[in-house]
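Colleague: There's a structure below that I have some questions on.
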């Protein structure tokens with residue numbers, strides 16, 4: 045989910061990538077060595093892959109805000125077992 049969200053937002057607004065990296069250094073970086081478990085999103089952007097469900101939820105909320113996606117356009121649902 046997070047990977048799909050990031051790739052979609054990066055494609056829609058590539059200029060916001062720098063702002064996202066600056067705002068979320070624990071989650072995004074241009075240096076894979078800054079992350080515990082990096083996943084390469086593009087040639088020069090990496091994402092932290094080892095996150096809890098709560099961290100993923102918070103991260104998705106933050107990233108949609110950075111990319112100026114209105115809350116009505118994106119909804120996160122967590123299913124309880």
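In this note's numbering, the protein residues as written are 45 to 125. Glycine included, every Cβ here is placed at the ideal spot set by N, Cα and C. None of the values given here were measured: they were computed from a predicted structure.
Which full runs of the alpha helix (DSSP H) of 4+ residues lie inside the stretch 55-111, going along the chain?
Modeller: Complete alpha helix (DSSP H) runs here, min 4: 61-67, 97-110.
Colleague: Since residue 66 contacts residue 79 with CB under 8 Å, what's their CB separation in whole angstroms?
Modeller: Contact doesn't hold; Cβ gap of about 15 Å is too wide.
Colleague: Less than 8 Å separating the beta-carbons of residue 85 and residue 50?
Modeller: Yes; because the gap between Cβ atoms is below 8 Å, this pair is in contact.
Colleague: Which same chain residues end up closer than 6 Å to residue 83 when comparing Cβ atoms and leaving out the 5 residues on each side of it in sequence?
Modeller: Within the same chain, residue 83 has close Cβ partners 91, 93.
Colleague: For residue 61, which residues of its own chain have a beta-carbon under 7 Å away from its beta-carbon, when the five flanking residues on both sides are left out?
Modeller: So the list reads 54, 89, once near-sequence residues are dropped.
Colleague: Return yes when the Cβ of residue 63 is within less than 8 Å of the Cβ of residue 110, no when it is not.
Modeller: Yes.
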